[in-house]
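So the sequence shown is numbered by the numbering used here: it starts at 2 and just counts up by one.
Every residue gets a Cβ at the ideal spot worked out from N, C-alpha and C, and that includes glycine.
Bear in mind that the values here come from a model prediction, so they are computed numbers and not experimental data.
Inspection log for the structure reproduced underneath, given as structure tokens.
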Amino acid sequence: MAINLENKLEGQILAMSNETDRNLSVHFLTIVLNGQPFVRYHAEIFKQLPFIWHWHVVEGVAAIKHCDSWSLKNGGHIIDEMHFEGRSNDGTTEHLDKLSHQYPENITVYRKPKGMFWDGRIEMVNAPISNIKEECLLWQIDIDELWTARQITTARQLFLKNPSKTAAYFWCDFFVGQNLVVSTRNCYSQNPRQEWLRVWRFRPGARWKTHSPPKLFETTADGEERDIAEVNPFYHEETERNGLVFQHFAYVTSAQLFFKEHCYGYNNALKDWSALQDEISFPAKLSKYFSWVEDNTLVDTTETCGIVPIAYKSEDQEDWLFTTTDESEYSLHKNNILFPQIAIDCIVFQDYDTEQADFWTSILQTWAGDNFASHLVLIDRAGTAPRFEGLRYRSIPLFDPEKTGLDSKRLQKVCEQDGVTLFVSTATSIPVQTPSAVVTRVEDLKNEMSKEGRYSLLHASTVIAISKAALELPEECFLELNLNSIKIIEEEQGDNRLSQAHELSNLLLRVAKEVNKGQLIASSFLWKEIVELQTQVQAQSQGNDLETQYKLKKARKIIAAMKSSSFWKLRQVWMKSKAFFGKPGKDWWE
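This is the structure we're talking about:
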């Protein structure tokens with residue numbers, strides 16, 4: 002049985018746990034070959050945990066077979082330089098021996114006899130399973146994946162508070178250099194359909210079916226086998242909301258690249274990675290350097306992304322050091338990401354209207370070299386936005402006018418993930434709930450009377466019009482809009498765009514702060530309901546029961562009325578449909 006070690010966090014983590022929680026132990030599982038320098042980190046963190054834990058470390062060479070056989074097609078193979086008699090040759094073996102002798106009740110090391118390989122990584126992950134004889138959390142930690150003690154304790158608390166949850170997915174800061182990380186999501190290394198599943202609620206008898214992707218199966222009382230993670234997992238949004246984003250140092254040492262070049266068959270991996278380390282212009286496309294990456298994944302500096310690495314090089318660059326104290330954890334994300342955060346949807350570049358795109362290209366280029374960049378998150382539509390060093394990007398799919406509800410939900414998720422106070426629409430997009438501003442040129446405002454254009458204007462707390470000529474537009478362009486919410490900026494050309502960019506940034510900051518203080522209110526409640534309705538219509542259109550059909554019939558009428566050509570009709574429909582939505586606590590329209 003594992004034992005409790007001294008709590009080095011001076012009671013701060015211990016306060017999150019109590020005596021009744023101690024029955025839920027955590028068993029960590031790591032497979033490793035040549036784990037330096039990261040093998041030195043984990044035990045120092047585990048020692049700080051205020052509950053029962055055990056670390057199962059499986060060391061050695063895994064033959065390339067079973068779920069890993071895909072690399073054989075790339076020419077992947079094991080070479081003698083990778084190992085010594087089937088084990089590590091970089092000091093990992095000796096370090097693990099030292100740890101297992103120091104903490105015999107908490108750390109178990111599993112190895113094949115000298116000279117023998119494991120029968121694939123699936124045999125490695127199953128090696129400790131028979132030794133886990135209690136219900137617990139099983140936590141897979143690759144040797145280069147770094148968590149803090151507080152994060153581990155928080156994750157355990159989530160499972161304690163939610164006993165029906167069976168597994169958990171997480172985002173990670175994916176390092177491709179000492180100070181370089183993947184800055185986009187829904188891309189290479191950030192695929193939410195499979196990455197990163199790391200924690201399972203384990204019961205004796207469960208077994209791994211595959212290692213990559215990780216699939217842990219158990220047998221139910223009815224004799225049926227089921228994938229534990231598919232039952233009721235925590236998803237990325239909830240774990241991230243609780244600060245559970247780990248740091249994955251996947252490509253930061255030449256030894257890692259040497260291994261992946263040979264074992265995975267990644268041709269010229271070390272050479273191309275070295276070229277990435279010499280790059281000075283960011284963000285950069287990862288596919289330019291990693292031939293096995295085929296999408297629009299972007300790389301940026303940790304400083305730009307506001308990340309403080311847990312692992313870092315010593316001043317002489319000779320050794321790796323680690324941040325392991327609780328005090329430092331509060332600074333894992335730097336203060337150079339400033340409040341308020343403003344998201345700008347670069348949808349204007351999707352269809353590339355020349356004048357509008359040129360206007361925004363000039364503005365963004367100016368902001369890239371300005372302190373205002375620390376307030377910005379640019380939402381890039383499938384790689385269509387221009388790249389400027391110093392700006393942070395989040396990638397989402399192209400805007401589809403036939404799936405506006407889904408698009409709004411995607412935008413809302415970005416806003417929540419990045420703590421966005423104000424969303425800025427450059428065309429016709431809106432999030433579900435985050436307050437928004439529309440920034441548009443006069444010529445574009447005339448064309449904004451399309452269905453989605455009306456939606457974005459009506460959702461906005463503020464409309465920022467470029468040129469005073471906006472006030473000369475027909476009155477119907479502004480029905481139901483508060484004229485006090487329309488801000489005017491003179492349109493400039495050439496060098497004068499610099500002052501225009503500064504004026505616009507100051508105005509956006511002011512609007513964001515006013516929104517945060519509650520001085521500006523968008524009609525977010527209405528639009529949240531409309532998005533939900535659109536989703537219902539799409540998802541439940543096959544429902545046959547009378548209640549569902551009744552609700553869908555009303556929903557379709559409301560959505561149809563929203564597509565009318567004037568805002569006043571929309572208001573009437575909303576006022577008449579309160580009973581359908583449920584009466585809001587405040588009349589947002591009066």
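Find the nearest neighbour of residue i within the set the options, judged by alpha-carbon distance.
i: Arg199; options: Arg208, Gly206, Lys210 and Cys173; result: Cys173
i: Leu212; options: Ile343, Thr435, Asn243 and Ser70; result: The displayed chain sequence assigns His, not Leu, to residue 212. Nearest option by C-alpha distance: Ser70.
i: Gly307; options: Cys188, Gly391, Glu225 and Asp320; result: Gly391
i: Thr385; options: Phe373, Trp361, Gly406 and Phe175; result: Trp361
i: Gln191; options: Gln351, Gln248, Asp81 and Lys99; result: Gln248
i: Val232; options: Glu239, Thr240 and Thr221; result: Thr221
i: Pro193; options: Leu510, Val177, Gly206 and Ala169; result: Ala169
i: Val433; options: Thr405, Thr441 and Gly420; result: Thr405
i: Ile229; options: Gln179, Trp201, Ser275 and Ser292; result: Trp201
i: Tyr104; options: Lys216, Asp91 and Lys48; result: Lys48
i: Val349; options: Glu106, Ser255, Gly224 and Val425; result: Val425
i: Phe373; options: Asp381, Leu509 and Asn269; result: Leu509
i: Leu138; options: Leu147, Thr167 and Ala64; result: Thr167
i: Gln257; options: Lys210, Arg227 and Val177; result: Val177
i: Asp296; options: Tyr252, Ser396 and Leu100; result: Ser396
i: Phe235; options: Leu271, Asn180, Leu159 and Phe260; result: Leu159
i: Asp301; options: Gln179, His376 and Trp197; result: Gln179
Does the distance between the C-beta of residue i and the nearest non-hydrogen atom of the ligand COA fall short of 8 Å?
i: Lys314; result: Because no ligand of any kind appears in the structure shown, any question about the ligand COA cannot be addressed here.
What would DSSP say about residue i, mapped onto helix, strand or coil?
i: Gln13; result: A caution first: Gln13 carries a pLDDT of 41, below 50, which makes its placement in the model too unreliable to give a value.
i: Arg151; result: helix
i: Asp381; result: strand
i: Lys447; result: Note that Lys447 scores a pLDDT of 49, beneath 50, so its modelled location is shaky; the value from the coordinates is reported in the next line. Helix.
i: His212; result: coil
i: Leu480; result: Note that Leu480 has pLDDT 43, beneath the 50 cutoff, so the model's placement of it is unreliable and the number below is only indicative. Coil.
i: Gln103; result: helix
i: His376; result: helix
i: Glu390; result: coil
i: Ala470; result: In this prediction, Ala470 scores a pLDDT of 47, lower than 50, which makes its location untrustworthy; no coordinate-derived value is stated.
i: Trp368; result: helix
i: Lys115; result: coil
i: Glu316; result: coil
i: Thr298; result: coil
i: Leu339; result: coil
I need the boundaries of the beta strand (DSSP E) containing residue i, first residue and last residue.
i: Trp274; result: From DSSP, Trp274 is part of no beta strand (DSSP E) but of the alpha helix (DSSP H) over Ala270 to Asp279.
i: Ser426; result: Val421 to Ser426
i: Arg199; result: Leu198 to Phe203
i: Gln342; result: Gln342 to Asp346
i: Arg88; result: Looking at the DSSP string, Arg88 is not in any beta strand (DSSP E), and its letter there is neither H nor E.
i: Arg227; result: Glu226 to Asp228
i: Gln248; result: Phe247 to His249
i: Gln434; result: Note, Gln434: premise wrong, no beta strand (DSSP E); not H, not E.
i: Glu60; result: Trp54 to Glu60
i: Val27; result: Ser26 to Val33
i: Gln351; result: Unbroken run through Gln351 is the alpha helix (DSSP H), Val349 to Asp352; no beta strand (DSSP E).
i: Gly609; result: Limits of the chain in this structure are 2 at one end and 591 at the other, which puts residue 609 out of reach.
i: Ala169; result: Ala168 to Tyr170
i: Trp321; result: Trp321 to Phe323
At which residues does the alpha helix (DSSP H) containing residue i begin and terminate?
i: Gln264; result: One detail in the question is off: residue 264 reads as Cys in this sequence, not Gln. Taken as a continuous stretch (DSSP letters only), the alpha helix (DSSP H) holding Cys264 covers Ser255 to Cys264.
i: Glu304; result: Thr303 to Cys306
i: Asn397; result: Checking the displayed sequence, the identity of residue 397 turns out to be Ile instead of Asn. Note, Ile397: premise wrong, no alpha helix (DSSP H); beta strand (DSSP E) at Tyr394 to Ile397.
i: Gly406; result: Thr405 to Gln418
i: Thr109; result: Not the alpha helix (DSSP H): Thr109 falls in the beta strand (DSSP E), residues Ile108 to Tyr111.
i: His237; result: His237 to Arg242
i: Phe47; result: His43 to Phe47
i: Val126; result: Gly121 to Asn127
Assuming contact is defined by CB atoms lying nearer than 9 Å, are residue i and residue j in contact in what I supplied?
i: Val27; j: Ile153; result: yes
i: Val183; j: Val126; result: no
i: Gln37; j: Thr93; result: yes
i: Leu423; j: Ile343; result: yes
i: Thr155; j: Gly77; result: no
i: Val378; j: Val415; result: yes
i: Gln418; j: Arg151; result: no
i: Pro129; j: Leu30; result: yes
i: Ala428; j: Gln501; result: no
i: Tyr394; j: Val294; result: no
i: Asn107; j: His43; result: no
i: Leu34; j: His67; result: no
i: Pro398; j: Arg388; result: no
i: Thr303; j: Leu287; result: no
Does any CB atom of chain B fall closer than 9 Å to the CB of residue i?
i: Arg393; result: Given the protein chain composition of this structure (a single chain), no chain B is represented.
Are there three or more Cβ pairs, one per stretch, closer than 8 Å when the stretch 103-114 is compared with the stretch 277-287? Verdict: no, contact absent.
Any contact between the stretch 66-83 and the stretch 252-268? By contact I mean 3 or more CB pairs, one from each, below 8 Å. By the Cβ rule, the stretch 66-83 counts as touching the stretch 252-268, because three or more pairs are nearer than 8 Å.
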